[in-house]
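So the sequence lines, in the order shown, correspond to chains E, D, Z and F. Going by the UniProt record's numbering, 164 is the number at position 164 of the first sequence; the sequence numbering is gapless. Going by the UniProt record's numbering, 108 is the number at position 108 of the second sequence; the sequence numbering is gapless. Going by the UniProt record's numbering, 206 is the number at position 206 of the third sequence; the sequence numbering is gapless. Going by the UniProt record's numbering, 228 is the number at position 228 of the fourth sequence; the sequence numbering is gapless.
Number of protein chains: 4
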Amino acid sequence: MRLEVGCVIRMECPQPTPLILLLRPRSGRYQWIISERYALTPHVPATEYVDGFGNLCQRLVAPPGLFTVETSAEVDVAAEEAIASGAPYVPVETLPDEVLVYLMPSRFCESDRLGAVASEAAGSAAMGYDQVAAISQWVYQHLTYLPESDPSPVSALEVYARGEGVCRDFAHLAVALCRSLNIPARMVAGYLQDLEPMDLHAWFEAYVGGRWYTFDPTRPGNNKARVTLAQGRDAADIPVFNQFGPPVTPSRMDVFVRPLSR
Amino acid sequence: MRLEVGCVIRMECPQPTPLILLLRPRSGRYQWIISERYALTPHVPATEYVDGFGNLCQRLVAPPGLFTVETSAEVDVAAEEAIASGAPYVPVETLPDEVLVYLMPSRFCESDRLGAVASEAAGSAAMGYDQVAAISQWVYQHLTYLPESDPSPVSALEVYARGEGVCRDFAHLAVALCRSLNIPARMVAGYLQDLEPMDLHAWFEAYVGGRWYTFDPTRPGNNKARVTLAQGRDAADIPVFNQFGPPVTPSRMDVFVRPLSR
Amino acid sequence: MRLEVGCVIRMECPQPTPLILLLRPRSGRYQWIISERYALTPHVPATEYVDGFGNLCQRLVAPPGLFTVETSAEVDVAAEEAIASGAPYVPVETLPDEVLVYLMPSRFCESDRLGAVASEAAGSAAMGYDQVAAISQWVYQHLTYLPESDPSPVSALEVYARGEGVCRDFAHLAVALCRSLNIPARMVAGYLQDLEPMDLHAWFEAYVGGRWYTFDPTRPGNNKARVTLAQGRDAADIPVFNQFGPPVTPSRMDVFVRPLSR
Amino acid sequence: MRLEVGCVIRMECPQPTPLILLLRPRSGRYQWIISERYALTPHVPATEYVDGFGNLCQRLVAPPGLFTVETSAEVDVAAEEAIASGAPYVPVETLPDEVLVYLMPSRFCESDRLGAVASEAAGSAAMGYDQVAAISQWVYQHLTYLPESDPSPVSALEVYARGEGVCRDFAHLAVALCRSLNIPARMVAGYLQDLEPMDLHAWFEAYVGGRWYTFDPTRPGNNKARVTLAQGRDAADIPVFNQFGPPVTPSRMDVFVRPLSR
């Protein structure tokens, strides 16, 4: 199916402010960018590079005063997420080299300290896809969802202790639990259809049965279309809006996701 | 300044035909993609990857029958090309590692066989930028320009022997001559404002004075705006339209480049 | 000068145990591998890849029973570390793309939570190299050194709260403080001459004045030769010994570093 | 089995001469470096990087006068090459992204001009491994082997016209013919056991049945152990000895390959 997605960020900078943004979706195996728009007002020079996780990163310096970033894209995606109950666990020694980095503990996913929780969450599920599905469901049931976005992310361990969090926190805990079982897992930031209230969303992917599969512990069973903006080990790798220097205020972000008929 | 660029490719495939296309310009140091469009008719699944030269490559299988690829982009580019007379030659031992590949002979640029011609073309110009400018000018004067695109590229050595060629051939000869003097040089494919007749264009860049500079041996002094689609060692690295299997007929490509007021 | 460095790891595995090791030093800008040895007893198949931070990573499965890894290398290194008092801070917007990843908070370096400490540690030092030197010195004075290696690393924030740690912890705190000031910093694991007791060592590098400089907050002023094994954002990126599956016991590591006359 | 391999290069440089060498074998999927030695006499600073094809490349400036490079390695390799008659052709659209570059014509492998020869060479062999084996055998029978190394490589088309060549030329023709059939193929430079007279050797690999397989058109059926030094699209990508500036004379290279008992 086809989605139109985008966001508008308005900010007021007290001084020239370097930014790194991850707001340009990339065509890849699971999505195709039909059209795309990225406007800076006032217009300033900007450059772009590909980071170590494959994301397109935009670099620019926001000028003093009011500054607006407007992005939008028409994207073709699968109408339904791939589900693969029974897809097997891939032993560490046969994983592709480039997947290994997603086995390690990372800033917000202390998988080396959550072994006991992972065993409980996975329960008696078959090794592989079914374990990940069980973990995703367990996180959904174990945590209370907070609709309000929290500016400073907390780690999986803290999320587990608090028992509540936003979509990013749900994803962090699920990712950490998968890695505790030696299942590669990564965080994804992007757009989800019919999110309420509309905002950027976070979910995760796990590598089982020889490929990456999508899981959303905030919305299990909600089989809505989604568009990936960025992927990494956790939120520290993929700050879609990363600002250097004195804090920028007031910043405001409006997000939209609309299905398009073809 | 801002340009609107794009192309439409129509082809008739006798059977499913794998394609690799390099038709999505990338934001980088010298250009910024404001908006972009990439449509396949009929629509087929497509994926994208970044090749070893930093180009976005689209992979897809064209279905039997009529198939159309339509791409366009609004791009912000410098109104004038950077000129740096006197920028010095960079000794081989201090070149950045990733630039070294552009010193080697390649498919269409047999720099190891053109030393004498390079010395003649560079003449007594100062080492570095001025040598490249002299080579670009020499190629312009030495070759006769053929407006008709030739489907099968020939090598710099053949171009030199023939004394004539299209823009791609001019670029190949200039690139080979630069490398003969141990100056890194690479081929660029893209759009040029006011090209007559309008088509995709080829030029080259040379690495002197610590960065890449643009040169166009087909149109020296013609300081028109340009948009890069792909860069590589020569045309073999950057086939903007690469088709596998039985030849596709009739194929037709329409290109447009229009200045936009901002 | 020339050093002979190496380590021997002996372990007893209850079952086949996947390992990823970062024990092969790589020739690079600051060290040259004259000779090198890497033996597995009993011998098992092993492969190697380069990770996203440029480290050579060895993959293998240790067999059940006693297993020994023996590595050694003769390496040419600078006799004295480069010191560059006054080397300037590089503004974020002019950093090379590939350096940006070392600005972000990471697993053990929560630079986003240590801004006040960083200001105190850097004091009134000039922006750039001198700030990093001040931070390194401050960490040295602020923390109590524990000679015993601690198996589970703690984060910079925890290190700061505890006021004590091993070399790895000193490096984590210093790295986090540098990043708090928007100075790229990375962790290094390797060999240090005359370390007492001898073991693998950890220190850090900061990017100022257009290149990476070495700092050792455990041993400031101790200008001893060193050999890099691996570099990354923090200890989570560069586990020189990374084991999957049930814990391996008893494991023992012997390290040696000897100067060689040439 | 285990091989000891190495080479000694002696040269006389009239002036400081930048070199890029590809003489350090890398551990990988098919070989493991047990020990390794790389000495420069007189000793000069040297650095190393990984090129776009995964090879370790050594950069240095040879000083005026006599200069010697001595390298050796003990390497564990398979005693017998993997043979996979019947392994299927991989359609272009399902090849891994990173393999696609080995489908394109390159400097010495003009696969776009050898379609008719490729059909003849492959004959009626089954698509995939068997076609490659037929091509390798056809090249062996069609070309006359010249034991003397020729300093300037010629292209596959020239080799075919001449009907004779050295190992490098055999490999170039075979690689070009495979690519003509849309089978990815790459050139390999390295050491071969029992080569007579002993020298560095060149062979090729083709991607069929989901992995790379080794073929040696100079020595079909000679199932000797081999060690890879470098791999690329053709000889232009992997100059194991690449010298910039005025030619170096007299240069001499001694190569040795010895089986070791374990």
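Every residue gets a Cβ at the ideal spot worked out from N, C-alpha and C, and that includes glycine. Treat the numbers as computed from the prediction; the structure is a model and nothing was measured.
What do you reckon, are the CB atoms on Asn-55 (chain F) and Leu-22 (chain F) nearer than 8 angstroms?
A contact, by the Cβ cut-off of 8 angstroms.
_Can you find the residues in the same chain that come closer than 6 angstroms, C-beta to C-beta, to Arg-59 (chain D), ignoring five residues on each side of it along the sequence?_
Apart from the 5 residues on each side of it in sequence, Arg-59 (chain D) sits with its Cβ closer than 6 angstroms to the Cβ of Ile-20, Thr-47 in its chain, given in chain order.
My assumption, with CB atoms under 8 angstroms, is that Ala-202 (chain Z) sits in contact with Ser-111 (chain Z). Please give the rounded CB distance. In fact, because the Cβ distance is near 17 angstroms, the residues do not count as touching under 8 angstroms.
*asked:* By alpha-carbon positions, which one of F:Gln-141, F:Tyr-140, F:Ser-119, F:Arg-258 ends up nearest to Gln-131 (chain F)?
replied: Check the Cα spacing between Gln-131 (chain F) and each of F:Gln-141, F:Tyr-140, F:Ser-119, F:Arg-258: the tightest is with F:Ser-119.
**OP:** Could you tell me which residues DSSP puts in a beta bridge with Pro-88 (chain F)?
**Re:** Looking at the DSSP assignment, Pro-88 (chain F) forms a beta bridge with F:Gly-128.
### Message
Does Ile-135 (chain E) come out as helix, strand or coil in the three-state DSSP assignment?
### Response
The DSSP-derived three-state label of Ile-135 (chain E) is helix.
On the three-state DSSP scale, how would you describe Val-248 (chain E)?
Judged by DSSP in its simplified three-state form, Val-248 (chain E) adopts coil rather than helix or strand.
Beta-bridge partners of Ala-206 (chain Z), as assigned by DSSP: DSSP output for Ala-206 (chain Z) lists Z:Ala-185, Z:Tyr-213 as bridge partner(s).
- prompt: Which bits of chain E does Val-92 (chain Z) rub up against, with CB to CB less than 7 angstroms?
  reply: When 7 angstroms is used as the limit between beta carbons, Val-92 (chain Z) is near these residues of chain E: Pro-18, Phe-244, in chain order.
Query - Cα-Cα separation between Val-166 (chain D) and Met-187 (chain E), rounded to whole angstroms - result: Cα-Cα distance, rounded: 48 angstroms.
Compute the beta-carbon to beta-carbon distance between Gly-209 (chain Z) and Gly-123 (chain Z), rounded to the nearest angstrom, for a pair I have assumed lies under 8 angstroms. Distance from Gly-209 (chain Z) to Gly-123 (chain Z) at the Cβ level is roughly 20 angstroms; contact not present, criterion being Cβ atoms closer than 8 angstroms.
Notebook entry, point to check: What residues are listed by DSSP as bridge partners for Pro-18 (chain D)?
Noted result: DSSP lists D:Val-61 as partners of Pro-18 (chain D).
The beta strand (DSSP E) spanning Gly-232 (chain E) covers which residue range? Annotation for Gly-232 (chain E): the continuous beta strand (DSSP E) segment containing it runs 226-232.
- Query: What are the residues of the region 57-80 of chain Z that lie near chain E, defined by any Cβ-Cβ distance shorter than 9 angstroms?
  - Reply: Those residues of the region 57-80 of chain Z that come within reach of chain E (Cβ to Cβ, closer than 9 angstroms) are Cys-57, Arg-59, Leu-60, Val-61.
Supposed close pair Leu-200 (chain E), Val-240 (chain E) - CB separation, criterion 8 angstroms | Yes, they are in contact, since the Cβ atoms of Leu-200 (chain E) and Val-240 (chain E) sit about 6 angstroms apart, within 8 angstroms.
Below-8 angstroms beta-carbon distance, Ala-46 (chain D) vs any chain E residue: By this cut-off, Ala-46 (chain D) is an interface position.
(message) Please list the terminal residues of the continuous alpha helix (DSSP H) segment that includes Ala-118 (chain Z).
(response) Unbroken alpha helix (DSSP H) run through Ala-118 (chain Z): 115-122.
Leaving out five residues before and five after Arg-37 (chain Z) in sequence, what residues of the same chain have Cβ atoms less than 6 angstroms from its Cβ? These residues qualify, in order along the chain: Ser-72.
Quiz prompt | Paired residues, beta bridge with Phe-108 (chain F) - DSSP | solution = In the DSSP assignment, Phe-108 (chain F) is bridged to no other residue.
Handout entry: Interface partners of Val-50 (chain F) on chain Z, CB under 7 angstroms
Key = Residues of chain Z passing the Cβ test: Val-50.
Taking C-beta pairs closer than 9 angstroms, name the residues in chain E that Asn-182 (chain Z) reaches, listed in chain order. Per Cβ cutoff of 9 angstroms: Pro-18, Phe-244, Gly-245.
- Query: So what does DSSP say about Thr-94 (chain Z), is it helix, strand or coil?
  - Reply: Note: Thr-94 (chain Z) maps to helix in three-state DSSP.
_Inter-residue Cα distance where the pair is Tyr-102 (chain E) and Phe-53 (chain E)_ = Looking at the two C-alpha atoms, the distance is approximately 10 angstroms.
Is any beta-carbon of chain D found at less than 8 angstroms from that of Asp-97 (chain F)? For Asp-97 (chain F), the answer is yes, since a Cβ of chain D falls inside 8 angstroms of its Cβ.
### Message
Against chain E, does Met-187 (chain Z) count as a neighbour if the rule is that its beta carbon must be under 8 angstroms from one of theirs?
### Response
Chain E, which has no Cβ nearer than 8 angstroms to the Cβ of Met-187 (chain Z), makes this no.
*asked:* Helix, strand or coil, according to DSSP, for Ala-73 (chain E) in the structure here?
replied: In the structure shown, Ala-73 (chain E) sits in a strand (DSSP, three-state: E or B).
Original post:
How many angstroms separate the CA atom of Val-117 (chain D) from the CA atom of His-172 (chain D)?
Top reply: Going from the Cα of Val-117 (chain D) to the Cα of His-172 (chain D) covers about 14 angstroms.
Checklist entry - Under 8 angstroms between the Cβ atoms of Leu-40 (chain F) and Val-69 (chain F)? => result The answer is yes: Cβ separation under 8 angstroms.
Quick check: the Cα distance between Pro-184 (chain F) and Cys-178 (chain F), rounded to an integer number of angstroms? One C-alpha to the other measures close to 7 angstroms.
- Segment contact, 8 angstroms Cβ cut-off, at least three pairs: the region 241-258 of chain D with the region 5-20 of chain D: With a cut-off of 8 angstroms, the region 5-20 of chain D and the region 241-258 of chain D count as touching, because enough Cβ pairs lie within range.
Exercise. List the DSSP bridge partners of Asp-199 (chain E).
Key: According to DSSP, residue pairing for Asp-199 (chain E) in a beta bridge does not occur.
- beta strand (DSSP E) segment containing Val-50 (chain Z), residue limits: Residues 46-50.
* Same chain, Cβ closer than 7 angstroms to Asp-234 (chain F), five either side skipped, listed in chain order -> The answer, listed in chain order, is Ser-106, Arg-107, Phe-108, Cys-109, His-172, Val-175, Met-187.
**Message:** Strictly by DSSP, which residues pair up with Tyr-160 (chain E)?
**Reply:** None, per the DSSP bridge assignment.
For a contact defined as C-beta to C-beta under 7 angstroms, what are the partners of Ile-33 (chain F) on chain Z? Chain Z residues near Ile-33 (chain F): Tyr-38.
* Cα separation between Tyr-213 (chain E) and Val-139 (chain F)? -> Distance between the alpha carbons of Tyr-213 (chain E) and Val-139 (chain F): 45 angstroms.
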